[in-house]
Every structure is written in C-alpha cells, then in structure tokens.
Amino acid sequence: AGIPKPNVYIMEESQPNAFATGKDPKHASVCVTTGLLQMMNREELQGVIAHEISHIRNRDILLMTVVAVVAGLIILLRDVMLRSMWWGMGESRRRDKNDNGAIILLIIGLIFSIIAPLIVLIIRSAISRQREYLADATGAYIVRDPYGLASALEKIGSYTRPMRVTSDATAHLFISNPFGRAEKLFATHPPIEERIKRLKSLTM
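Structure below.
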C-alpha cells in the first residue's frame with residue numbers, strides 16, 4: 230500500500246465494523262471489532278483492512294480534522310456575531326432608542342445561527358461520503374479484488390444492531406455507520422447498496 234505498517238487493535242464489540250485513525254501514515258492505527266473477525270472470511274477481511282489502509286494513505290483523518298476545525302471556526306464566528314448583536318441591542322435599550330436596524334440584524338443573526346450549523350454538517354457529511362467511495366475504490370485496487378469488500382459490506386449491512394459504545398463525533402471514522410440507522414442528508418457514509426454497486430463495476 231506504500232505506507233508504514235499501522236498498529237492493529239481489536240475492539241470487543243459484536244457489531245462487524247472497523248476504523249482507522251492517526252495524524253499521518255507514520256502514526257496510524259487500524260481497529261477491527263471482534264464481530265468483524267467472526268463474521269468475515271479471508272477475502273472479506275482483506276477488503277475491509279485495505280479500505281481502512283486507504284483512509285490512512287489518502288490522509289482522510291487529516292482532511293476530516295481540517296474540516297472539523299473549519300466547522301468549529303464557523304460556529305465560533307456565529308457565537309461572536311450573536312453576542313455582539315445582543316450587546317448592541319442592550320446598548321440601544323439603555324439609550325432609549327428605537328433601533329429597528331439592530332432588531333433586523335438580530336433577526337438575521339438568529340437565522341444564521343440556525344442555518345450555519347446545518348450547512349456545516351451537510352458539507353462535512355458530503356465530504357465524508359466522497360472519501361468513503363474513494364477508500365472503497367483504493368482498497369479494492371490494493372488487493373486487486375473489489376468483490377471481497379463488496380461481500381463484506383453486504384454482511385455489515387445485514388447487521389442492524391447499533392454499536393454499544395460510540396458517538397456522533399467518531400461515527401465518520403468507521404467503515405459503516407455504527408448506529409445502524411440511515412440518514413441521507415447528514416449521513417457520514419453513502420448507502421451500502423450504492424457502495425457495493427460501485428465496487429462491482431470496477432475493473433481490475
């Protein structure tokens with residue numbers, strides 16, 4: 230795969246899943262669940278591991294970290310803007326002024342405070358979905374076999390029980406949504422059916 234061998238960890242979890250993490254290829258780790266090891270055959274497991282190694286090689290962890298920082302800055306800007314407008318409204322009241330302009334700005338700020346996080350979430354989720362498609366394709370080329378990962382995704386998709394311990398903040402790291410629920414607009418992962426279709430259309 231052209232990167233140093235990552236550290237490998239096993240998570241005690243019945244849901245078949247895996248994820249990669251690390252700031253760069255030299256400091257990366259791959260973690261698989263016990264459920265994945267029990268459910269997959271050799272070719273399927275190779276496909277999953279290749280997918281996670283692709284995330285490391287493509288520096289997806291770094292990319293999503295940058296996206297998270299940008300998202301945080303946008304939220305911070307929203308908070309600063311709202312506080313400034315609220316402070317301005319207070320000043321207007323103390324001066325006994327009927328400042329319609331300040332009221333309009335406050336309304337705009339409130340609308341922005343609602344829309345901005347949604348836009349950030351949509352953009353972050355869209356980037357995450359595209360990186361999943363890329364990792365699928367790259368992983369398939371690493372092992373010269375798209376069908377192993379496609380078969381693994383079929384098994385993973387058939388398992389509907391959510392993971393016991395995880396959070397929204399880390400959901401995008403896994404090969405499949407650990408919550409086992411389908412969210413289209415805000416989903417961090419593409420539909421498994423579409424991923425399988427794209428994998429089977431690849432020519433090695």
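Be aware that the sequence shown starts at 230, since it is given in my numbering, and climbs by one per residue. C-beta atoms are modelled at their ideal positions from N, C-alpha and C, and glycine is treated no differently. All values reported here derive from a predicted model rather than from experimental measurement.
Output the distance between the C-alpha atoms of residue i and residue j, rounded to the nearest integer angstrom.
| i | j | result |
| --- | --- | --- |
| Leu334 | Leu305 | 18 Å |
| Ala381 | Leu428 | 11 Å |
| Arg390 | Ala247 | 15 Å |
| His418 | Ile303 | 23 Å |
| Ser354 | Glu281 | 18 Å |
| Gly264 | Asp374 | 22 Å |
| Met310 | Ser357 | 28 Å |
Helix, strand or coil, according to DSSP, for residue i in the structure here?
| i | result |
| --- | --- |
| Gly251 | strand |
| Ala364 | helix |
| Phe341 | helix |
| Ala416 | coil |
| Gly377 | helix |
| Ile232 | coil |
| Pro346 | helix |
| Met392 | coil |
| Thr432 | coil |
By DSSP's criteria, residue i is part of a beta bridge. Which residues make up the other side?
| i | result |
| --- | --- |
| Thr262 | Met240 |
| Ala257 | Gly251 |
Would you mind reading off the limits of the alpha helix (DSSP H) that contains residue i?
| i | result |
| --- | --- |
| Gly276 | 271–286 |
| Pro407 | Element bounds for Pro407: n/a, residue is neither H nor E. |
| Ile425 | 421–429 |
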